[in-house]
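K.L.:
Would you mind keeping the following structure in view while I ask a few things?
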Amino acid sequence: GVEEKSQEIPLRAFIFDVLYLDGVDLISVGAQERFEKLSALPFDDNTLSLTRHTIVNELSEFRKLFDQYVSEGLEGIMCKKLDSEYQAGSRNYNWVKYKRATERELSDTIDAVIMGYYAGRGQRAKFGVGAFLIGLIDPDSGKIQTLAKVGTGLSDDDWISLKKEMDMYQVVEMPATYSVHPNLTPDVWIRPALVVEVGADEITKSPIHTAAQNIIQEKDFEGGLALRFPRFKKLRQDRTGIDTTTTEELANMFKMQNEK
Numbered sequence: 001g002v003e004e005k006s007q008e009i010p011l012r013a014f015i016f017d018v019l020y021l022d023g024v025d026l027i028s029v030g031a032q033e034r035f036e037k038l039s040a041l042p043f044d045d046n047t048l049s050l051t052r053h054t055i056v057n058e059l060s061e062f063r064k065l066f067d068q069y070v071s072e073g074l075e076g077i078m079c080k081k082l083d084s085e086y087q088a089g090s091r092n093y094n095w096v097k098y099k100r101a102t103e104r105e106l107s108d109t110i111d112a113v114i115m116g117y118y119a120g121r122g123q124r125a126k127f128g129v130g131a132f133l134i135g136l137i138d139p140d141s142g143k144i145q146t147l148a149k150v151g152t153g154l155s156d157d158d159w160i161s162l163k164k165e166m167d168m169y170q171v172v173e174m175p176a177t178y179s180v181h182p183n184l185t186p187d188v189w190i191r192p193a194l195v196v197e198v199g200a201d202e203i204t205k206s207p208i209h210t211a212a213q214n215i216i217q218e219k220d221f222e223g224g225l226a227l228r229f230p231r232f233k234k235l236r237q238d239r240t241g242i243d244t245t246t247t248e249e250l251a252n253m254f255k256m257q258n259e260k
């Protein structure tokens, strides 16, 4: 039952802020003062724990702290201005999330061809598309090899516009030049005509994507390269389906990324 599972897999909540305390609204109070009030509260450290807070004044201190947290397996640091109020849903520079991915974000974007798309589900059902499959040209074989499924970076209007563009190039069967793992088969195939510019956090090895698989051959690994957290930047109206970043260029980017 639930009680047995709670013993087997204990859960702990980490508290990082306080917005209301003893009948007082603290939303307009500065972050440092809110944390001081939070620190004065009793925590048992078994089910409720206070997140670590450190005030730094120098970039070197921040760098050392960041490296320490990453070495512990954490994702990164949330940086806050000491006098910042709590602003729900607001995006500004009072709070900045600095992650491992920020350290290794690709220095350049990638131009890739759309190979197909997946039907939208949930909130994206109304668009008829929820993600699309992209790939790169392999200069040696002439094949288009898969690189990523992209589903972020687009506004509602972007989805509507891109769906119309993709449907203009819809085909019944997978084009012969495509190299696609069965697990990545899209709901709708698109012939190679549309090129998109995408960004990503990093390039990683993938057991199912095929990009550069003939270049990065390694013992006991038969997969290719893929993008981690890919995101749409724009549709490249100035490029054709064969005018993309190549798999050779991708492999070089992967090599340089890992040499940093």
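Residue numbering for the sequence shown follows UniProt numbering, beginning at 1 and increasing consecutively. The beta carbon of each residue, even a glycine, is placed where N, CA and C say it ideally should be. Since we're looking at a predicted model, the values are computed, not measured.
1. For the putative contact between L162 and L154, defined by C-beta atoms under 8 Å, what is the C-beta separation to the nearest angstrom?
2. Identify every run of the alpha helix (DSSP H) within the UniProt domain "ATP-dependent DNA ligase family profile" (4-125), keeping only runs that are complete inside it and at least 4 residues long; order them along the chain.
3. Terminal residues of the continuous alpha helix (DSSP H) containing K161?
4. Any idea if A40 is buried or exposed, counting beta-carbon neighbours within 10 angstroms, 16 or more meaning buried?
5. Under the three-state reduction of DSSP, which class applies to F221: helix, strand or coil?
6. Is the number of C-beta pairs between the region 171-178 and the region 63-78 that are closer than 8 Å three or more?
7. Name the DSSP beta bridge partners of R228, please?
8. Measuring only the C-alpha atoms, how far is F127 from K97?
9. Beta-carbon within less than 7 Å of V18's beta-carbon, same chain only, minus the 5 sequence neighbours each way: which residues are those?
10. Could you tell me the distance, in whole angstroms, from the CA atom of D243 to the CA atom of V195?
11. Less than 6 Å between C-beta atoms, sequence neighbours within five positions excluded: which residues of the same chain meet that for G116?
12. Whose C-alpha, out of F16, D44, G135, F221, is nearest the C-alpha of T245?
13. Per DSSP, E197 forms a beta bridge with which residues?
14. At which residues does the beta strand (DSSP E) containing F132 begin and terminate?
15. Look at R231 and D111 and say whether their C-beta atoms are less than 7 Å apart.
16. By how many angstroms is the C-alpha of S179 removed from the C-alpha of N252?
17. How far does the beta strand (DSSP E) with T146 in it reach, from first residue to last?
18. Looking at the secondary structure, which residues open and close the beta strand (DSSP E) in which I216 lies?
19. Can you say whether Q217 is buried or exposed, counting buried as having 16 or more other CB atoms within 10 angstroms of its CB?
20. Would you decide whether P192 is buried or exposed? Buried here means 16 or more other CB atoms lie within 10 Å of its CB.
21. Which same chain residues, not among the five before or five after F16, have their C-beta less than 7 Å away from its C-beta?
22. Mind checking L82: buried by the 16 CB within 10 Å criterion, or exposed?
23. Provide the residue span of the beta strand (DSSP E) that contains I208, from first to last.
24. In its own chain, which residues sit with a C-beta less than 8 Å from the C-beta of H209, not counting the 5 before and 5 after it?
P.N.:
According to the structure data:
1. The beta carbons of L162 and L154 sit about 7 Å from each other, so the pair counts as a contact at 8 Å.
2. The qualifying runs are 31-39, 59-71, 100-103.
3. The amino acid at residue 161 is misidentified as Lys; the sequence shows Ser. Counting along the chain, the alpha helix (DSSP H) containing S161 begins and ends at 156-167.
4. With fewer than 16 Cβ atoms within 10 Å of its Cβ, A40 is classed as exposed.
5. The answer is strand: DSSP assigns F221 an E or B state.
6. Short answer: they don't touch.
7. Note: R228 sits in a beta bridge opposite E202.
8. The alpha-carbon atoms of F127 and K97 are separated by roughly 31 Å.
9. Result list for V18: L26, R34, K37, L38, in chain order.
10. The alpha-carbon separation between D243 and V195 amounts to approximately 8 Å.
11. Excluding its 5 nearest sequence neighbours in each direction, G116 has C-beta neighbours in its own chain below 6 Å: L133, P186, V188, W189, I190, listed in chain order.
12. Ranking F16, D44, G135, F221 by Cα distance to T245 puts G135 first.
13. According to DSSP, which records beta bridges pairwise, E197 is partnered with D111, K234.
14. Run containing F132: 131-137, per the beta strand (DSSP E) assignment.
15. No, they are not a contact pair.
16. Taking the straight line from one Cα to the other gives about 21 Å.
17. For T146, the enclosing beta strand (DSSP E) covers residues 144-150.
18. Going by DSSP, I216 is part of no beta strand (DSSP E) at all; its letter is neither H nor E.
19. With fewer than 16 other Cβ atoms within 10 Å, it is exposed.
20. By the neighbour-count definition (other C-beta atoms within 10 Å, threshold 16), P192 is a buried residue.
21. Here the set comprises T51.
22. L82 should be labelled exposed.
23. Where I208 is concerned, there is no enclosing beta strand (DSSP E), given that its DSSP letter is neither H nor E.
24. Cβ-Cβ distances below 8 Å link H209 to Q145, T146, L147, A148, H181, L184, G223, G224, L225, A226 in the same chain, with the five nearest sequence neighbours on each side left out; the list follows chain order.
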